[in-house]
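K.L.:
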Amino acid sequence: MKISMFHLMPHRELPDDFEERYHSVWVDPPFHELATPERVGDYYNWTLDELMHAANLGFDGICVNEHHQNAYGFMPGPNVMGGALARATRGQDVALVQMGATLPTTNPPIRIAEEYAMLDCISGGRLVAGMPLGTAMDANMGYGITPIEQRERYYEAHDLILKAWQSREPFPYNGKYTQLPMVNLWPRPVQQPHPPVWVPGMGSLSTWEFAAEQGHCYCFLSYFGHARGKAVMDSFWEFMDSKEKELNPYRAGFLQLVAVSETDAQAERDYEQHIKYFFEKCLHIAPEFTPPGHQDYRSLENNLRRMLSQQMSEQQRLSDWSFKDYVDNQYVISGGPESVRDQLEELIKSLRVGNLMLLLQIGSMPHELAMKNIELMATEVLPQIRHHWTDEWENKWWPESLRGGRQMNAEAEVAAVAGGS
Amino acid sequence: MAAVSERETKVWQGKVQSRALVAGDGPPLVFFHGAMGLTWDPFLDALAESFTVYAPEHPGTTPGQPDAIKPIDNLWDLVLSYYEVFDELGLESPAVVGHSFGGMVAAEVAATNPSRVSRLALIDPVGLWRDDTPVKNWMATAPQDLGPLLFADPTGPAAQMMAAPPPDPEAGIQMALRTTWSLACTGKFVWPIPDKGLKKRLHRITAPTLILWGEQDGLVPPVYAGDFENAIPDARVELIAGAGHVPQVEQLEQTATAVKGFLGG
Chain G
0 MKISMFHLMP
10 HRELPDDFEE
20 RYHSVWVDPP
30 FHELATPERV
40 GDYYNWTLDE
50 LMHAANLGFD
60 GICVNEHHQN
70 AYGFMPGPNV
80 MGGALARATR
90 GQDVALVQMG
100 ATLPTTNPPI
110 RIAEEYAMLD
120 CISGGRLVAG
130 MPLGTAMDAN
140 MGYGITPIEQ
150 RERYYEAHDL
160 ILKAWQSREP
170 FPYNGKYTQL
180 PMVNLWPRPV
190 QQPHPPVWVP
200 GMGSLSTWEF
210 AAEQGHCYCF
220 LSYFGHARGK
230 AVMDSFWEFM
240 DSKEKELNPY
250 RAGFLQLVAV
260 SETDAQAERD
270 YEQHIKYFFE
280 KCLHIAPEFT
290 PPGHQDYRSL
300 ENNLRRMLSQ
310 QMSEQQRLSD
320 WSFKDYVDNQ
330 YVISGGPESV
340 RDQLEELIKS
350 LRVGNLMLLL
360 QIGSMPHELA
370 MKNIELMATE
380 VLPQIRHHWT
390 DEWENKWWPE
400 SLRGGRQMNA
410 EAEVAAVAGG
420 S
Chain R
0 MAAVSERETK
10 VWQGKVQSRA
20 LVAGDGPPLV
30 FFHGAMGLTW
40 DPFLDALAES
50 FTVYAPEHPG
60 TTPGQPDAIK
70 PIDNLWDLVL
80 SYYEVFDELG
90 LESPAVVGHS
100 FGGMVAAEVA
110 ATNPSRVSRL
120 ALIDPVGLWR
130 DDTPVKNWMA
140 TAPQDLGPLL
150 FADPTGPAAQ
160 MMAAPPPDPE
170 AGIQMALRTT
180 WSLACTGKFV
190 WPIPDKGLKK
200 RLHRITAPTL
210 ILWGEQDGLV
220 PPVYAGDFEN
230 AIPDARVELI
240 AGAGHVPQVE
250 QLEQTATAVK
260 GFLGG
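Residue numbers (numbering that gives the first Met the number 0), protein chains in the order written: chain G, 0 to 420; chain R, 0 to 264.
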């Protein structure tokens, strides 16, 4: 297993009646009513501290991503965060999983090739290059990308970035969306021929086809847990099998919300309000900010059919959900170390995933509690679950220098950190 | 109701297949539909009493041809492809009527090659922009908020007819799919701001032009009528009382009479 901590960098102090008072958490929430730059500075620093805590305690990777104009998670420049983390983790056995810089909104896209190469140089070859398509709210509303062109822009940007990393000679690039007279990337990534590429997705067939064709790792980013993710991942593996791809678990990644405490009962006391905050406030997204064309025709048809079924009604019920509902429905894995361990083991096996991303700072979770969650996860759970798949499969989608056994076990690292502070 | 026939058109080196609905008798008239897709409605029936109406569907919006939008990269391609559609339909210089997004297309076609349009009627067209009165972003507006933008009377029969869900779920899916994809395809030429330089080209239009505007258009407010009138050399404005963005639906008779009167039908 490779187990990383994922951070969204959310607003942690939205008002209690946020979802009644405001139209949407994304695109149009008024900054000056809801935040101050000084307080946001705290959020960014806590985020970096929390990710560093995970790195120091033996997580395999730390993940940041890109979103715009929202209180859900606002790192418009993930490589700004990545730069700080690359420097601060110098020499450590931890990957920088940039999940990542959004391809269609970065112009020209070689900016991503350059910044990722910088991160790979600074980190000594520890970069995982996430290549997201971007949400409609970010790309269409925030950055003005024409919805029906977003996917085509993505494919073109991807091809340009991969070529820029690998080409030995300067080349002119004549794309539909980007034309460049001479591409000659400085610097080049440490990892050759290029850093591992992860493609985040929400379960659409076009993304699977793309990941299979390109040989990239597919990451299913869902907030609805592994019980609901199972149907999607089963179809994913069937699809890979039909394409005669090796069913290497490391070909897939999965995102899961996890909240660990001393006991199941304590977990409920610690985390209930923050889990509710996440689902009720952070996901309070006005549907009209996904304009027509963001979904391709096939996905649109599938989704219209799915909307008729039970999914919509379940979404609407969420506001009544308690801690128990979120845990019973496995949207969130939460409890004492043993419960969390059991459920994560079940997830790993049933979804057949080798790359796990854990969202450990959830919604309004304050800094100290997030640090506790990270620490309990690293010391009480991680050591027992990280052995999965390691003997049978090679993680070809992980920085090569970090693929072997870990230099220190988690406990030793805890001791080292404790001793050093 | 007129007997409506379908004509397939295949243009742009055969890569763009679309459908035109055709009905009526008399001199040729091309109708360019708005962003939500083509519906043959009583307004087109009324025009078909005096004209042979050709209503081509914008690329990609014809059922069964969702990919026809792909080879048309930009507005320039779209305008040129419409001259090819005119050629296929055997139309040298027809009268052209356009509504909303179709009004912008009609104006672009008339401005790019003025000899291909004999007379022009624009109904609440998009294509211009004022910072003091922005055009509402119809692709990012919740369905429940669209009513007051589109209709003078959001509870009236015209609004209710448009909002009524079809009786069976499959028909509902097909309708939502068609409308959403039409918005997606037409959105390719206007996102994120429906100002693609038409203001620099309107002066080229030589066709006598009628600009019709619903007095209570909340989507593209009537102040834009004057902007079109000032920029097009031979143009006049007629406001339609009791109508919003879709006067041909909300005030059918008045709109049809104005258009037919102007076009000589």
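Cβ atoms here follow ideal geometry from the backbone N, Cα and C, with glycine treated the same way.
Note down, in chain order, each residue of its chain lying with its Cβ closer than 8 Å to the Cβ of G/Leu102, except the 5 sequence neighbours on either side.
P.N.:
The residues are Pro108, Ile111, Met130, Pro131, Leu132, Gly133, Arg152, Tyr153, Ala156, His157, Ile160.
K.L.:
So the beta strand (DSSP E) R/Glu237 belongs to, where does it begin and stop?
P.N.:
Counting along the chain, the beta strand (DSSP E) containing R/Glu237 begins and ends at 234-239.
K.L.:
Can G/Ser349 and G/His273 be called in contact, C-beta distance under 8 Å?
P.N.:
Result no, Cβ atoms of G/Ser349 and G/His273 do not sit closer than 8 Å.
K.L.:
Any idea what DSSP makes of R/Lys69, helix, strand or coil?
P.N.:
Here R/Lys69 sits in coil by DSSP.
K.L.:
So, under 8 Å CB-CB, G/Leu355 and G/Ile347 are touching, yes? Tell me the CB distance rounded to an integer number of Å.
P.N.:
7 Å between Cβ atoms; contact.
K.L.:
Measuring only between beta-carbons, confirm whether G/His10 sits less than 8 Å from chain R.
P.N.:
Taking Cβ atoms only, chain R never reaches closer than 8 Å to G/His10, which makes this a no.
K.L.:
Can you pull the chain G residues whose beta carbon is under 8 Å from the beta carbon of R/Gly186, in chain order?
P.N.:
Simply Thr145, Pro146, Ile147, Pro290, Pro291, Gly292.
K.L.:
Let me check one thing: in DSSP terms, what residues is G/Trp25 bridge-paired to?
P.N.:
Answer is G/Asn69.
K.L.:
Pull up the distance between the alpha-carbon of G/Asp324 and that of R/Ala157, whole angstroms please.
P.N.:
Distance between the alpha carbons of G/Asp324 and R/Ala157 is about 44 Å.
K.L.:
Taking only beta carbons into account, state which residues of the region 128-141 of chain R come closer than 9 Å to chain G, listed in chain order.
P.N.:
Under the 9 Å Cβ criterion, the region 128-141 of chain R contributes Asn136, Met138, Ala139, Thr140, Ala141.
K.L.:
Between which residues of its own chain and R/Ala67 is the CB-CB distance below 7 Å, once the five residues before and five after are set aside?
P.N.:
Contacts found: Val15, Gln16, Ser17, Pro58, Gly59, Thr61.
K.L.:
Go ahead and pull the three-state DSSP assignment for R/Thr208.
P.N.:
Reduced to three states, the DSSP call for R/Thr208 is strand.
K.L.:
For the region 30-47 of chain R and the region 97-115 of chain R, state whether three or more C-beta atom pairs, one from each stretch, are separated by less than 8 Å.
P.N.:
Segments in contact, yes.
K.L.:
Per the contact definition of three or more C-beta pairs closer than 8 Å, is the region 118-133 of chain R in contact with the region 221-229 of chain R?
P.N.:
Result yes; three or more Cβ-Cβ pairs closer than 8 Å.
K.L.:
Using three-state DSSP, classify G/Lys1 as helix, strand or coil.
P.N.:
Note: G/Lys1 maps to strand in three-state DSSP.
K.L.:
Identify whether R/Pro220 lies in helix, strand or coil by the three-state DSSP scheme.
P.N.:
Three-state result, R/Pro220: coil.
K.L.:
May I ask you to check if the CB of G/Met130 is nearer than 7 Å to at least one heavy atom of the ligand MN?
P.N.:
With respect to the ligand MN, the structure shown offers nothing to examine, as it has no ligands at all.
K.L.:
Rounded to the nearest angstrom, what separates G/Gln329 and G/Glu113 at their Cα positions?
P.N.:
For G/Gln329 and G/Glu113, the distance between alpha carbons rounds to 39 Å.
K.L.:
Give, in chain order, every residue of the region 166-182 of chain R whose Cβ lies closer than 7 Å to some Cβ of chain G.
P.N.:
Per Cβ criterion, the list reads Pro168, Ile172, Ala175, Leu176, Thr179, Trp180, Leu182.
K.L.:
Just confirm the distance between the C-beta atoms of G/Gly252 and G/Cys218, as a whole number of angstroms; I'd bet it's less than 8 Å.
P.N.:
Their Cβ separation, rounded to whole angstroms, is 3 Å, which keeps G/Gly252 and G/Cys218 in contact under 8 Å.
K.L.:
Could I get the ranges of all uninterrupted alpha helix (DSSP H) runs contained in the region 27-105 of chain G, with 4 residues as the minimum, in chain order?
P.N.:
30-33, 36-55, 77-87, all fully within the region 27-105 of chain G.
K.L.:
In the DSSP output, which residue or residues are listed as bridge partners for R/Ser99?
P.N.:
BP columns for R/Ser99 are empty, so no partner.
K.L.:
Counting only runs that start and end within the region 101-167 of chain G, where is the alpha helix (DSSP H) found for 4 or more residues in a row?
P.N.:
The region 101-167 of chain G contains these whole alpha helix (DSSP H) runs: 109-122, 149-165.
K.L.:
Note down, in chain order, every chain G residue with its Cβ under 8 Å from the Cβ of R/Asp72.
P.N.:
Simply Lys175.
K.L.:
Cβ closer than 9 Å: which chain G residues qualify as neighbours of R/Trp190?
P.N.:
By Cβ distance, chain G contributes Asn139, Gly143, Ile144, Thr145, Pro146, Ile147, Glu148, Pro290, Gly292.
K.L.:
What are the start and end residues of the alpha helix (DSSP H) that includes R/Arg177?
P.N.:
168-186 is the extent of the alpha helix (DSSP H) around R/Arg177.
K.L.:
Which bits of chain R does G/Ala264 rub up against, with CB to CB less than 9 Å?
P.N.:
Here the premise fails: no neighbours, minimum Cβ distance about 42 Å.
K.L.:
Put G/Tyr421 into one of helix, strand or coil per three-state DSSP.
P.N.:
Missing from the structure shown is residue 421 of chain G; chain G here goes from 0 to 420 and no further.
K.L.:
Rounded to the nearest angstrom, what separates G/His22 and G/His67 at their Cα positions?
P.N.:
Distance between the alpha carbons of G/His22 and G/His67: 16 Å.
K.L.:
Flag R/Ile68 as yes if its beta-carbon sits less than 8 Å from any beta-carbon of chain G, otherwise no.
P.N.:
For R/Ile68, the answer is yes, since a Cβ of chain G falls inside 8 Å of its Cβ.
K.L.:
Report all residues from its chain with a CB closer than 8 Å to the CB of G/Met8; omit the five preceding and five following residues, and keep chain order.
P.N.:
Excluding positions up to five away in sequence, the list reads Tyr42, Tyr43, Thr46, Val63, Gly72, Phe73, Met74, Met80.
K.L.:
DSSP three-state label for R/Val15, please.
P.N.:
Note: R/Val15 maps to strand in three-state DSSP.
K.L.:
Within the continuous beta strand (DSSP E) that includes R/Tyr6, where are the two ends?
P.N.:
Checking the sequence, you will find Arg at residue 6 of chain R rather than Tyr. Unbroken beta strand (DSSP E) run through R/Arg6: 4-10.
K.L.:
Does the distance from the C-beta atom of G/Trp388 to that of G/Pro248 stay below 8 Å?
P.N.:
Yes, they are a contact pair.
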